[in-house]
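Structure first, commentary second.
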């Protein structure tokens, strides 16, 4: 047949049997295998590229710290006190003869009342009295053990705190810090020899006080204490309203009614301060019942008065619950009469209800393995599980936890003895050989973020 002759089309029978041609099958199978290998290789490369670019482990060191659990509240101050008024004066200036918080006996002199009404002079005299009191307190100190470096640091801190208060608009706080700053500057001048001693400083302040007092005019009256106690030159008119005698039986609704009361202005006579007749005073802090529950087993707590930057240790007097309702009033007692303390009747306070010492870790780092709470840690190039004992869970999503060093030491000894006995074999023991895990320890590198974690995982 001529090769240029037209080829006849294949019949169905011929095409069907051609599928079983050995060469055709070999070529098709080879093509199929190559395609599968190419797809598998692409998948393998892609898998490892994705793994290469996934986020790595998030790690944090386990470092012991102490965390204070605090409650911020409004504190209403209750005291046992007797207001002091002038006998026959309705106006004028009051100059205290006793420093704030100073102890007075019955019949003791409290203050002088002068004819001129000059609040600025009164305030300066009160400030001078505070400076003199603080300088007298330091007068007998051994100056050989004092250093200007510590005073310089205190002066810098006071300047910084005053600047911060002014920037925040807390001008009352800034003014309250002024006396301490002036006293530190005066003490520094003594140490550096700018003035001879504390007595010179005190005499200068007393001379200034005398000059200011002379500007107040005639001495109209001298006020004496009707009973012994602790004198404060400021009185706000709430002494008989927020009286400590009410606290043993006060109800929640009665307390709320007190907070809405107006101060007692008296009969118009000039106020000369107040005398605390008991060294114990109290704060009543309204809060939720859940917050109040933190105080039930409390022995004592630290209470920081935020505006005055003062801290006191107080004990629980009682908890008054709202019935029905979800509120309560926590009443705390202080047994220290402070000097030069701002007794503004209602102040913001920060109460430290409890302190926990341990490792602070994110709640998300916790795992449960074999029914035990713990975390994963990086141990060299492997991941290991460590048990934890949770002490407290905070509101900000962290937990305070601890380990058990004594039990860790015992487990390590068991592992050491087992490996020593098996030193001639290929067997190696670790803590899991004894059906347990080590506890978390100081400086463990804790994994707080990662996926597919398990004990023994190799990390690169």
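Residue numbers (the numbering used here): 2 to 461.
Ideal placement from N, C-alpha and C gives every residue a C-beta, glycine not left out.
8 Å Cβ cutoff met for residue i and residue j
i           : j           : result
residue 350 : residue 292 : no
residue 368 : residue 377 : yes
residue 271 : residue 230 : no
residue 228 : residue 115 : no
residue 95  : residue 309 : no
residue 386 : residue 456 : yes
residue 76  : residue 98  : no
residue 412 : residue 433 : no
residue 216 : residue 320 : no
residue 359 : residue 281 : no
residue 302 : residue 353 : yes
residue 127 : residue 234 : yes
residue 290 : residue 258 : no
residue 333 : residue 283 : yes
residue 489 : residue 400 : The question about residue 489 has no answer here: the residues shown for the chain are numbered 2 through 461.
residue 134 : residue 100 : yes
residue 363 : residue 404 : no
residue 63  : residue 460 : no
residue 105 : residue 232 : yes
residue 355 : residue 65  : no
residue 346 : residue 243 : yes
residue 248 : residue 200 : no
residue 275 : residue 82  : yes
residue 211 : residue 245 : no
From the options, residue whose alpha carbon lies closest to that of residue i
i           : options            : result
residue 448 : 355, 383, 426      : 383
residue 118 : 213, 252, 203      : 213
residue 268 : 123, 84, 261       : 84
residue 365 : 61, 300, 122, 224  : 61
residue 348 : 34, 259, 78, 200   : 78
residue 389 : 361, 380, 395      : 361
residue 132 : 340, 67, 459, 395  : 340
residue 435 : 425, 423, 416, 441 : 416
residue 265 : 237, 419, 130      : 237
residue 221 : 93, 399, 294       : 93
residue 325 : 294, 253, 371      : 253
residue 71  : 327, 251, 406, 295 : 295
residue 298 : 316, 239, 251      : 316
residue 208 : 224, 130, 165, 261 : 130
residue 452 : 59, 42, 110, 34    : 59
residue 74  : 422, 450, 370, 331 : 331
residue 103 : 342, 80, 373       : 342
residue 327 : 288, 109, 312      : 288
residue 454 : 396, 380, 31, 34   : 380
residue 88  : 224, 35, 120       : 224
residue 439 : 426, 425, 396, 373 : 373
residue 137 : 164, 165, 202      : 202
residue 445 : 402, 414, 418      : 402
residue 312 : 300, 323, 338, 322 : 338
residue 80  : 169, 109, 241      : 241
residue 67  : 392, 421, 450, 418 : 392
Cross-strand partners of residue i (DSSP beta bridge)
i           : result
residue 158 : Answer is none; residue 158 lacks a bridge partner.
residue 315 : 302
residue 333 : 284, 317
residue 60  : 448
residue 115 : 94, 220
residue 66  : 359
residue 458 : Answer is none; residue 458 lacks a bridge partner.
residue 290 : Per DSSP, none; premise fails for residue 290.
residue 275 : 84, 233
residue 322 : 329
Neighbour flag for residue i against chain C, beta carbons, 8 Å
i           : result
residue 340 : Considering every chain present, this structure includes no chain C. It has just one protein chain.
Proximity test, residue i beta-carbon vs the ligand GTP heavy atom, cut-off 7 Å
i           : result
residue 296 : Although the ligand GTP was asked about, the structure shown includes no ligands whatsoever.
Residue ranges of each beta strand (DSSP E) run of no fewer than 3 residues wholly in the region 338-405, ordered along the chain?
-> Contiguous beta strand (DSSP E) elements confined to the region 338-405 occur at 347-363, 368-370, 373-380, 383-388, 390-394, 399-403, taking only those with 3 or more residues.
Counting only runs of 3+ residues fully inside the region 199-260, write out the beta strand (DSSP E) ranges in chain order.
-> As summarised for the region 199-260, the continuous beta strand (DSSP E) elements at least 3 residues long and confined to that stretch are 220-225, 230-233, given in chain order.
Which full runs of the beta strand (DSSP E) of 3+ residues lie inside the region 68-104, going along the chain?
-> Listed in chain order, the beta strand (DSSP E) elements of length 3 or more contained wholly in the region 68-104 are 82-86, 94-97.
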